[in-house]
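Colleague:
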Amino acid sequence: MMPTSEQIWSQGEAQEALHSRATKIAAEQFGNAVFLRGVVEVSNFCRENCAYCGMRRDNRNLARFRADHDKLAELIIHHRPASITDINIQSGEDPVVVREVVLPLINTLRRETPLGISVCLGTLDDSLYTELKNAGAGIYIIKYEIADPALYSKMTAPGTYKERIEHIRRLSASGWKVSSGFISGLPGQTKEELLSNFALARTLPLDGCSVSPFIPGDETPLSSSPLASIDLTLNCMAALRLMKPDWVIPAVSALNLAEPGSGYRRGLRTGANLVTINMTPSDVRGDYLLYKRDRFIMTEERILNAIAAEGLKPSRQGLAAFYKTRAG
Ligand code: 5AD
1 MMPTSEQIWS
11 QGEAQEALHS
21 RATKIAAEQF
31 GNAVFLRGVV
41 EVSNFCRENC
51 AYCGMRRDNR
61 NLARFRADHD
71 KLAELIIHHR
81 PASITDINIQ
91 SGEDPVVVRE
101 VVLPLINTLR
111 RETPLGISVC
121 LGTLDDSLYT
131 ELKNAGAGIY
141 IIKYEIADPA
151 LYSKMTAPGT
161 YKERIEHIRR
171 LSASGWKVSS
181 GFISGLPGQT
191 KEELLSNFAL
201 ARTLPLDGCS
211 VSPFIPGDET
221 PLSSSPLASI
231 DLTLNCMAAL
241 RLMKPDWVIP
251 AVSALNLAEP
261 GSGYRRGLRT
271 GANLVTINMT
281 PSDVRGDYLL
291 YKRDRFIMTE
301 ERILNAIAAE
311 GLKPSRQGLA
321 AFYKTRAG
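Counting from 1, one number per residue, gives the positions in the sequence shown under UniProt numbering.
1) Taking only runs of the alpha helix (DSSP H) that begin and end inside the region 117-144, which ones reach a length of at least 4 residues, in chain order?
2) Does the beta-carbon distance from K313 to A33 come in below 7 Å?
3) Within 10 angstroms of its Cβ, does M1 collect 16 or more other Cβ (buried), or is it exposed?
4) In its own chain, which residues sit with a C-beta less than 6 Å from the C-beta of G12, not counting the 5 before and 5 after it?
5) Quick check on the DSSP output: the alpha helix (DSSP H) that includes R21 runs from which residue to which?
6) May I ask which residues mark the beginning and end of the beta strand (DSSP E) holding N88?
7) Where does G328 sit, in a helix, a strand or coil, going by DSSP?
8) Are the beta-carbon atoms belonging to P250 and S212 less than 7 Å from one another?
9) Taking the straight line between their C-alpha atoms, what separation do you get for G54 and D218?
10) Does the distance from the C-beta atom of E48 to that of E93 stay below 7 Å?
11) For G188, which of helix, strand or coil comes out of DSSP?
12) Can you pull the DSSP bridge partners for residue 332?
13) Start and end of the alpha helix (DSSP H) containing N305?
14) Quick one: residues in its chain with C-beta nearer than 7 Å to the C-beta of E300, no 5 flanking neighbours on either side, listed in chain order?
15) Classify V39: buried if its beta carbon has 16 or more other beta carbons within 10 angstroms, exposed otherwise.
16) Can you give me the start and stop residues for the beta strand (DSSP E) that V275 sits inside?
17) Restricting to Cα atoms, I'd like to know which of G185, T190, L242 is closest to A201.
18) Buried or exposed, going by whether 16 or more other CB atoms sit within 10 Å of the CB of G328?
19) Can you give me the C-alpha to C-alpha distance between R36 and V252, rounded to a whole angstrom?
20) Can you grab the Cα-Cα spacing for the pair L115 / R99, in whole Å?
21) Where R285 and L186 are concerned, what is the direct C-alpha to C-alpha distance, given to the nearest angstrom?
22) If you measure between the beta carbons of V119 and Y152, is that distance less than 7 Å?
23) Could you pull out every residue in the same chain whose Cβ sits closer than 6 Å to the Cβ of Y144, ignoring the five residues on either side in sequence?
24) Of the residues K71, R64, A272, E259, which one's Cα is nearest the Cα of K244?
25) Give me the Cβ distance between H79 and V101, rounded to the nearest whole Å; I'm assuming they're in contact under 8 Å.
26) Take L62 and list the residues in its own chain whose beta-carbon comes closer than 8 Å to its own, dropping the five residues that flank it on each side.
27) Mapping DSSP to helix, strand and coil, what is G181?
28) Output the distance between the C-alpha atoms of L121 and K154, rounded to the nearest integer angstrom.
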């Protein structure tokens with residue numbers, strides 16, 4: 001079912017009803033279980049120049065880093081949180097790190113751990129996609145960011161709109177599980193544009209989708225724009241769950257920036273079924289400048305507490321394994 005504007009802009013009792021319906025649908029689909037995935041951010045070099053993102057190439061104030069394979073391998077093999085079943089390897093758009101670090105790391109992790117492997121590396125050549133898949137990654141996270149082509153180019157979002165959508169389709173057609181996403185509350189976003197994100201998501205060959213609240217990022221041209229409304233963002237998450245009961249929908253950590261202290265917990269009450277534990281080494285975390293230098297880090301303890309408090313439990317089955325059984 002396509003969300004209505006009444007749902008997306010609901011308040012009070014109507015909003016509560018929307019969120020509890022979404023929670024109930026997720027519980028029916030996933031039995032109160034949420035997937036736990038670790039994320040490592042392996043490079044903040046980026047050839048893109050998105051107006052909303054602090055890692056944009058025009059940001060000259062950023063100390064750029066590429067992570068070291070051996071350090072990451074040691075961290076993930078020997079020091080990962082016990083509750084994670086999957087790992088997401090994420091990066092600015094940096095083909096160099098894909099070759100030098102990501103591919104070797106996937107090979108190592110496949111050999112040494114049972115973790116399911118997701119990647120979020122931007123648009124790459126087909127040959128690199130193939131190498132990543134052959135190495136053992138199965139899930140590609142590639143957000144379409146913005147459904148309206150005009151706003152997409154105004155925000156200088158990655159590459160071109162057309163190319164981004166083509167890559168999403170191509171990844172799915174070549175056997176990847178694909179998760180996408182969009183930003184709510186972006187400056188210049190009209191009601192129509194926000195709603196068109198659902199229409200687009202529905203037509204794409206996706207297995208999951210996220211909603212990220214716009215955060216006025218440090219060191220970006222939008223740093224003084226207003227923060228997204230948490231209610232609007234949560235309503236979008238709930239509406240997405242109603243539209244696609246079986247999708248994997250994450251509670252993104254930026255929810256806690258949109259509403260410090262409670263945003264994340266509220267996200268778990270809108271039918272989200274995936275949470276992320278940040279494992280990026282702390283010495284480079286601040287330079288992975290998605291939002292603010294001072295990031296709110298979801299540790300395993302915080303996540304497990306939040307999940308338990310919402311009557312949810314960590315999924316015993318990993319995300320990659322789940323997709324496999326569903327496909328079979
Ligand atoms: N606000 C919200 N989301 C953002 N992203 C980057 N910058 C921001 C911001 N200021 C999201 C984009 C990107 C992902 C890695 O982070 O959707 O795809």
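Note that CB positions come from ideal geometry on N, CA and C, so glycine has one too.
Modeller: Result, derived from the coordinates:
1) 126-135
2) yes
3) exposed
4) none
5) 12-30
6) 86-91
7) Interpretation of G328 is limited by its pLDDT of 48, a score under 50 that renders its predicted location unreliable; no figure is taken from the coordinates.
8) no
9) 6 Å
10) yes
11) coil
12) As shown, the chain starts at 1 and ends at 328. That puts residue 332 outside it, with no answer to give.
13) 300-309
14) P81, S83, I277
15) buried
16) 274-278
17) L242
18) For G328, the predicted structure reports a pLDDT of 48, less than 50, and the residue's modelled location is therefore unreliable. A value from the coordinates is still provided. Under this definition G328 is an exposed residue.
19) Looking at the sequence itself, residue 36 is Leu, so the reference to Arg does not match. Distance between the alpha carbons of L36 and V252 is about 12 Å.
20) 20 Å
21) 24 Å
22) no
23) R164, S180
24) A272
25) About 18 Å separates the two Cβ atoms, so there is no contact after all.
26) N44, G54, M55, E219, D287, L289
27) strand
28) 22 Å
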